[in-house]
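Quick note: the sequence shown, position 47, residue 46 per numbering that gives the first Met the number 0, numbers continuous. Even for Gly, the Cβ is constructed at its ideal location relative to N, Cα and C. Here the structure comes first, spelled out in structure tokens, and everything after it is commentary.
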Amino acid sequence: MVTKLLHTRYRVTDLEKTVSFYKEVLGLEEVRRHKSPRGSELAFLKTPGSEELIEICSFPASGPVNITGQDVTHLAFEVPDLTAFAAHSTALGYPLTDGPTESSSGLFAFIDAPEGYEIELIQYRR
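Now the structure itself:
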């Protein structure tokens with residue numbers, strides 16, 4: 000049986016643009032970067048409040064990255080103030096793509112990362 004979630008991988012075409020998005024727009028920290036034995040360029044990022052990592056992978060040898068359709072996969076992050084986050088992300092060229100929407104637990108909205116992966120943002124009701 001598994002004991003811990005270590006990381007989630009997203010393969011991308013433009014590693015630098017995507018890593019910049021996660022660092023500048025979402026505020027994640029890049030904790031390490033290296034080339035895998037099979038030739039993938041890997042960058043690992045984390046949020047201040049989590050142990051799990053996000054692995055951003057560039058591996059051109061495996062063919063083009065093709066993100067099609069909605070609701071295939073997404074990452075969800077908690078934000079303390081969704082309105083302030085939306086102003087910040089919009090100023091950096093990443094406006095909300097859906098929401099904000101009120102739910103029983105608070106507000107949620109979505110933005111798209113550079114390669115089309117969806118990011119959910121959740122502001123819990125206090």
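Under 8 angstroms between C-beta atoms of residue i and residue j
{"i": "Glu28", "j": "Lys45", "result": "yes"}
{"i": "Arg31", "j": "Phe20", "result": "no"}
{"i": "Ile121", "j": "Phe107", "result": "yes"}
{"i": "Cys56", "j": "Val18", "result": "no"}
{"i": "Ile110", "j": "Thr96", "result": "yes"}
{"i": "Tyr123", "j": "Ser104", "result": "yes"}
{"i": "His73", "j": "Tyr116", "result": "yes"}
Per-residue DSSP class, three states only, for residue i
{"i": "Ser103", "result": "coil"}
{"i": "Lys3", "result": "coil"}
Local Cβ density within 10 Å of residue i, reported as buried at 16 or more and exposed below that
{"i": "Val127", "result": "Lying before the first or after the last residue shown, residue 127 is absent from the chain, which here runs from 0 to 125."}
{"i": "Ser61", "result": "exposed"}
{"i": "Ala174", "result": "Residue 174 lies beyond the residue range present for the chain, which begins at 0 and ends at 125; the question has no answer from this structure."}
{"i": "Ser49", "result": "exposed"}
CA-to-CA distance, residue j to residue i, given in whole angstroms
{"i": "Ser35", "j": "Leu41", "result": "7 angstroms"}
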